[in-house]
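Chemist: Chains as they are written, first to last, in the working numbering: chain A, 1 to 155; chain V, 1001 to 1398. Glycine is no exception: its CB is placed at the ideal position from the N, C-alpha and C atoms.
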Amino acid sequence: MSLPKRIIKETERLVSDPVPGINAVPHEENLRYFDVTVDGPSQSPYEGGVFKLELFLPEEYPMVAPKVRFLTKIYHPNIDKLGRICLDVLKTNWSPALQIRTILLSVQALLGAPNPDDPLANDVAQRWKEDERAAIATAKEWTQTYAKPEPEAET
Amino acid sequence: MDEQQHNSASEQAVSERDPDLRALKYVMLDDNLICPICRCALVDPCYTKCGHTFCTLCLFKALSQTPKCPVDRSSLSDADVLPPPKILSNMVNELLVHCSNEDKGCKRTCQRSLLRHHLLESCEYTPVPCPSATCDQFVERRYIDSEKPARCLHELIACRACDVKIPEIEIATHELVCSQRTLKCPDCAVVFTMADIVSHTSECAMARVPCNANNIGCKWVGIRAKLKNHESECTFIALAPVIEKQEDRIARLELENKSLRIQPSLTTTSGMVDSDAFHIFTEHERFRSELEKVSEQLGELEIRHGVLIMNQNVRLKEEVQSMRNAMHGIRHQMHFLLMEHRNWALQNLNSSMITSAAASLSSQTASSSNNAQFSGETSSIGRGTRRENESFRQDVRL
Ligand SMILES: [Zn+2]
Ligand SMILES: [Zn+2]
Ligand SMILES: [Zn+2]
Ligand SMILES: [Zn+2]
Ligand SMILES: [Zn+2]
Ligand SMILES: [Zn+2]
Ligand SMILES: [Zn+2]
């Protein structure tokens, strides 16, 4: 099965014209599998953190959305313990006109705008609604502990 | 091994009949002719009622998953997909492409719609059946000579250098790269294999080389074996460091000279050499030369800056265009959502009015709580809209 031209083009552009604060590199032995890092947006509890994700393009891509999951532990109402993300464009609102870069930007935007009313991690969302200040403090703490840039990155 | 070769050759023959238009290299490609789904030049384009263009195949695949336009998400059924304007079909059919056998050596470019014909009928690099009636393998068209009697071009011949057996049509290319092929060094006449000749030429004792000081005037040229000997007695080599220093000094002196040349005019007018004035003049000259240097650098900087701005401009222009397209999409989206929202709100208002009319006799608090609930729900819709907008704004940035 050869790689569709579209995936090749998207990969080339990700490398030649990277999105600021987002890095995506395909595996050499499987070009549909990407190692991704996303910088926490400034003025969010995730500022200063570098979050690792994995992104996989299923056989049917772009007819179905890429599969994206956080590998770094993160305290966020829309991201659960397993790193799964609750994001409409990854599910019902996927469109084949969207791209890897669009999706990663949406993920980064989600870090900047947590939405406890549309939760995936229920206990986190609950706490976020009850005591936002404490929840944000925990999110900052987790960022410091698990999302430090460079060596001791969490897997 | 042979079986495999044979298979790939006939597979190739199939791809000539039906070349993959998305894998082609285009001479030039306008962004407006790129399909938003496969991101390649449109193939067999179609047009939607919302004004977007896709490859027909790409769009129907997408619609079978979700019956919405992939760009603006307005609902779309198969009936809303129209044939493209004639001009669009012409534009994509006339796109110039490189022959898909370019990597084999074909230099041809042609209109996309003519490529199939070129591959099938004339491309020198298209595999065609071997002329021999008994052979079922393929050879590139360029090997076939219709003047000569038909014979198989796959008979194995031993390479004269490495003795490996190779099909006749490949022997010429093999011999060019065969690592065991031997070459005679033109200088020392010793015979080397291809693998060794490169390193030999950079050290062959019999090769003719110039003296290392030829840039400062030594005219000596001789075989490499005698170079050391020459350099040990070459005056230019010995002088090289000194000459370099001298050149430096000359440059400095020339500058000083220039400032001194102004000096006499001073003496003739005032009649005496004022040491202060002299000092001022040399300073002045120094400043002037520095100013020259700075303005030179400034000019260079300006040019570089200009190029930078131009590059950026081109990019920005592209971005503006894509933004404009995306904006168009958003406008549709917004309109759709607003209408949805208004319909929904109207419906709710109606029902709540009926309820409140019915309940007005019993109590007024009931209707006010109803209203509170209503406003709560609208705000959650508002949030949904905002989020949707957010994801579209992301699209726009691309
Ligand atoms: Zn397409
Ligand atoms: Zn549309
Ligand atoms: Zn050709
Ligand atoms: Zn043959
Ligand atoms: Zn050989
Ligand atoms: Zn030699
Ligand atoms: Zn010399």
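Find the residues of chain V that neighbour Lys5/A, judging by a C-beta separation of less than 9 Å, and give them in chain order.
Modeler: Within chain V, the residues near Lys5/A are Asp1020, Arg1022, Ala1023, Cys1038, Arg1039, Cys1040.
Chemist: Using 8 Å for Cβ pairs, my map puts Ala24/A next to Leu14/A. What's the rounded Cβ distance?
Modeler: Contact flag correct, Cβ pair sits at about 5 Å.
Chemist: Hey, Ile1169/V and Leu1153/V are a contact pair by Cβ (cut 8 Å); roughly how many whole angstroms apart?
Modeler: Sure, about 5 Å apart at Cβ, within 8 Å.
Chemist: Within the region 1183-1217 of chain V, note down every full alpha helix (DSSP H) run reaching 4 residues or more, in order along the chain.
Modeler: List check, alpha helix (DSSP H) in window: 1194-1201.
Chemist: Using C-beta distances below 6 Å, list every residue in its chain close to Pro1210/V, excluding the 5 sequence neighbours before and after it, in chain order.
Modeler: Hits under 6 Å: Val1221.
Chemist: With a Cβ-Cβ cutoff of 8 Å, do Leu53/A and Val68/A count as a contact?
Modeler: In contact: Leu53/A and Val68/A (Cβ atoms closer than 8 Å).
Chemist: For the region 75-101 of chain A, which residues have a beta carbon sitting closer than 9 Å to at least one beta carbon of chain V?
Modeler: Flagged, chain order: Leu87, Asp88, Val89, Thr92, Asn93, Trp94, Ser95, Pro96, Ala97, Leu98, Gln99, Arg101.
Chemist: Closer than 7 Å: is that where the CB of Tyr46/A sits relative to any heavy atom of ligand 3?
Modeler: No, Cβ of Tyr46/A sits at least 7 Å from all heavy atoms of ligand 3.
Chemist: With a threshold of 8 Å, are at least 3 pairs of Cβ atoms found where one atom belongs to the region 1043-1062 of chain V and the other to the region 120-136 of chain A?
Modeler: At 8 Å Cβ cutoff, the stretches do not touch.
Chemist: Just by C-beta distance, which residues in the region 50-65 of chain A are closer than 9 Å to chain V?
Modeler: Flagged, chain order: Glu60, Pro62, Met63, Val64.
Chemist: In the DSSP output, what is Val50/A paired with across the bridge?
Modeler: In DSSP, Val50/A forms a bridge with Asp39/A.
Chemist: Along chain A, which residues have their Cβ under 7 Å away from the Cβ of Val1071/V?
Modeler: Going along chain A in sequence order, the residues near Val1071/V (Cβ under 7 Å) are Ala97.
Chemist: Between the Cα of Lys1025/V and those of Pro1036/V, Cys1110/V, Asn1215/V, spot the shortest distance and give me the residue it belongs to.
Modeler: Out of Pro1036/V, Cys1110/V, Asn1215/V, Cys1110/V has the C-alpha closest to the C-alpha of Lys1025/V.
Chemist: Between the region 115-140 of chain A and chain V, which residues of the former have a C-beta closer than 9 Å to a C-beta of the latter?
Modeler: Cβ contacts with chain V come from Asn115, Asp117, Asp118.
Chemist: Given the structure, does His1174/V come close to ligand 7, in the sense that its CB is under 7 Å from one of the ligand's heavy atoms?
Modeler: For ligand 7, not one heavy atom lies less than 7 Å from the Cβ of His1174/V.
Chemist: Run the proximity test for His981/V: is its beta-carbon closer than 7 Å to any non-hydrogen atom belonging to ligand 3?
Modeler: Within the shown structure, residues of chain V are numbered from 1001 to 1398, placing residue 981/V beyond reach of any answer.
Chemist: Is Ala1238/V closer than 8 Å to Arg1224/V when the C-beta atoms are compared?
Modeler: In this structure, Ala1238/V does not lie closer than 8 Å to Arg1224/V by Cβ.
Chemist: Taking 7 Å as the cut-off, is the beta-carbon of His1200/V closer than that to any non-hydrogen atom of ligand 7?
Modeler: The answer is no for His1200/V.
Chemist: Answer with buried or exposed for Ile1303/V, where buried requires no fewer than 16 other C-beta atoms within 10 angstroms of its C-beta.
Modeler: When all chains shown are included, Ile1303/V counts as exposed.
Chemist: Excluding the 5 residues preceding and the 5 following Asp1031/V in the sequence, name in chain order all residues of the same chain whose CB lies nearer than 8 Å to its CB.
Modeler: Excluding positions up to five away in sequence, the list reads Glu1318, Gln1321, Ser1322.
Chemist: In angstroms with no decimal places, state the Cα-to-Cα distance between Phe70/A and Lys148/A.
Modeler: One C-alpha to the other measures close to 15 Å.
Chemist: Excluding the 5 residues preceding and the 5 following Glu10/A in the sequence, name in chain order all residues of the same chain whose CB lies nearer than 7 Å to its CB.
Modeler: Here the set comprises Gln99, Ile100.
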